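Q: The structure is given below, and queries will be raised subsequently.
Below you can see the structure in the form of structure tokens.
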């Protein structure tokens, strides 16, 4: 049975988030949390928070054993981009796009 947790509008681009998330697919929840704990990215803590949330959803809502849960996929998608401008030479403006992303963690395991 698949269980998921979602975080929306993370202030991080999709490309940067994929660098953190790609090594986690196929790992158990405990192993993924250990990997995230030792990553140097400041966003690894937010990813760990979503993984823990998905594990808690599985344990509380579906009575699944949290030690047997595995991450089967992590969906990363773009969220709305904030369009800002900054001053350039001769009174012109340059674009500054503040990209955001959505993340969904999907776990799978056996129900008790």
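Residue numbers (the working numbering): 3 to 114. Think of the CB as a built atom: it goes at the ideal place given N, C-alpha and C, for glycine as much as any other residue. Owing to the predicted nature of the structure, the values given are computational and were not obtained by experimental measurement.
(1) With residue 107 as the anchor, note down where its beta strand (DSSP E) starts and where it stops.
(2) If you draw a straight line from the alpha carbon of residue 89 to that of residue 98, how long is it in whole angstroms?
(3) Give the secondary structure of residue 57 by DSSP, where H, G and I count as helix, E and B as strand, and everything else as coil.
(4) Please tell me whether residue 78 and residue 29 are closer than 8 Å, where the distance is taken between their beta carbons.
(5) State the start and end residues of the unbroken alpha helix (DSSP H) segment that holds residue 18.
(6) For the alpha helix (DSSP H) that contains residue 36, what are its first and last residues?
(7) What residues in its chain sit with their C-beta under 8 Å from that of residue 23, if we drop five residues either side in the sequence?
(8) Assuming contact is defined by CB atoms lying nearer than 8 Å, are residue 45 and residue 14 in contact in what I supplied?
(9) Exposed or buried, which one is residue 66 when buried takes at least 16 other CB atoms within 10 Å?
A: A quick look at the data gives this:
(1) 103-110
(2) 10 Å
(3) helix
(4) no
(5) 16-23
(6) 31-39
(7) 49, 76, 78, 105
(8) yes
(9) buried
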